[in-house]
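Quick note: the sequence shown uses UniProt numbering, first residue 1, plus one each step.
C-beta: ideal position from N, C-alpha, C; glycine also.
The structure presented is a predicted model; accordingly, all values stated were derived computationally and were not measured.
Structure, as structure tokens:
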Amino acid sequence: MTERPADPATGLRPPADDAEARALLLDGEIDLEGRMLDASNVTLVGYVRTDELEAECVYKPVAGERPLWDFPDGTLAGREVSAALISEATGWRVVPPTVLRDGPFGPGMVQLWVDGDPDVDLTAFVRSDHPGLRRMAVFDAVVNNADRKGGHIIPTSAGHVYGVDHGICFSVDPKLRTLLWRWAGKPLPTEALEVLEKLTGDLLGDLGEQLHEHLTRREVRRTQQRVAELLRTGRHPQPSGDWPALPWPPF
Numbered sequence: 001m002t003e004r005p006a007d008p009a010t011g012l013r014p015p016a017d018d019a020e021a022r023a024l025l026l027d028g029e030i031d032l033e034g035r036m037l038d039a040s041n042v043t044l045v046g047y048v049r050t051d052e053l054e055a056e057c058v059y060k061p062v063a064g065e066r067p068l069w070d071f072p073d074g075t076l077a078g079r080e081v082s083a084a085l086i087s088e089a090t091g092w093r094v095v096p097p098t099v100l101r102d103g104p105f106g107p108g109m110v111q112l113w114v115d116g117d118p119d120v121d122l123t124a125f126v127r128s129d130h131p132g133l134r135r136m137a138v139f140d141a142v143v144n145n146a147d148r149k150g151g152h153i154i155p156t157s158a159g160h161v162y163g164v165d166h167g168i169c170f171s172v173d174p175k176l177r178t179l180l181w182r183w184a185g186k187p188l189p190t191e192a193l194e195v196l197e198k199l200t201g202d203l204l205g206d207l208g209e210q211l212h213e214h215l216t217r218r219e220v221r222r223t224q225q226r227v228a229e230l231l232r233t234g235r236h237p238q239p240s241g242d243w244p245a246l247p248w249p250p251f
């Protein structure tokens, strides 16, 4: 992020970096303005503000999560935060700043809203070789993302690529379902191998302890095993054939 001037109407400025954004999301007052009606779970949008800062945000209360047959009830917000913790540890910034906190409808996930570039043709973009997409493909393999739709990929006008909607990640069963199979079976880039090596140590230390606040010990252990498997093969995973490879709908 780059620091932008304050809004002349409010005197408030947006956060200058991810750390400031996370502090704002944790401590700011949430002012809701609407609901995303096409979302599977209750997804509310609005602003979060302190005396100095202001940003658009997404708030998903735990109370609004739809029960799923293959994920425990009331765990989706914690999985979103866990994905953000992995994202931060990689340094790739795949996930926008995300926190778990109390909100107008109880505890829930609060995430910085990110504007996508309206000039990007998303259907063409997801088939491109953009390095941000390749990093996202590795990230998704680590978190076992079961729902990487096209609409969950946000290319920005600054050239960075974000991913959102990580509520159905970290299953102990192989559930990778994504549009990003372009590199399936290909050798992982050197950068990715270096990040995965670092992630191995992080998962045995503070990062692992942070994940245990939101995931079961078995889910954290399986995350460690997925990282180890990626390093062992040195390649992007391929569809297993035991689980649909593509999300539905894809966009």
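Neighbourhood of residue i by C-beta distance below 7 angstroms, restricted to the same chain and skipping five residues each side
i, result
"arginine 221", "none"
"serine 40", "Arg66"
"serine 128", "none"
"leucine 196", "Val227, Leu230, Leu231"
"proline 187", "Gly234, Arg235"
8 angstroms CB neighbourhood of residue i in its chain, flanking five on each side removed
i, result
"serine 160", "Sequence check: residue 160 is histidine here, not serine. So the list reads Arg93, Gly132, once near-sequence residues are dropped."
"valine 45", "Leu32, Glu33, Gly34, Arg35, Met36, Glu56, Cys57, Val58, Tyr59, Trp113"
Contact check, residue i vs residue j, beta carbons under 8 angstroms
i, j, result
"proline 14", "leucine 53", "yes"
"glycine 163", "isoleucine 153", "yes"
"arginine 177", "tryptophan 243", "yes"
"aspartate 115", "threonine 156", "yes"
"valine 143", "alanine 228", "no"
"glycine 78", "leucine 215", "yes"
"arginine 217", "valine 172", "no"
Neighbour-count burial assignment, residue i, 16 or more Cβ in a 10 Å radius
i, result
"glutamate 80", "buried"
"serine 87", "buried"
"glycine 201", "exposed"
"aspartate 27", "exposed"
"glutamate 3", "Low per-residue confidence applies at glutamate 3: pLDDT is 45, beneath 50, and the placement is therefore not dependable enough to give any value."
"glutamine 225", "exposed"
"phenylalanine 139", "buried"
"proline 237", "buried"
Own chain, CB closer than 6 angstroms to residue i, minus 5 neighbours either side, in chain order
i, result
"proline 107", "Val62"
Identified DSSP bridge partners for residue i
i, result
"glycine 74", "Partner(s): none; glycine 74 has no beta bridge."
"glutamine 79", "According to the sequence shown, residue 79 is arginine rather than glutamine. Paired residues: none, contrary to the question."
"alanine 55", "Val48"
"glycine 34", "Val45"
"lysine 60", "Met109"
"proline 187", "Arg235"
Threshold first: 3 residues or longer. Then list the beta strand (DSSP E) segments lying entirely within the stretch 139-179, N to C.
153-155, 161-163
Report the start-end ranges of each beta strand (DSSP E) in the stretch 96-123 that is 3 residues or longer and not cut off at the edges.
98-103, 106-112
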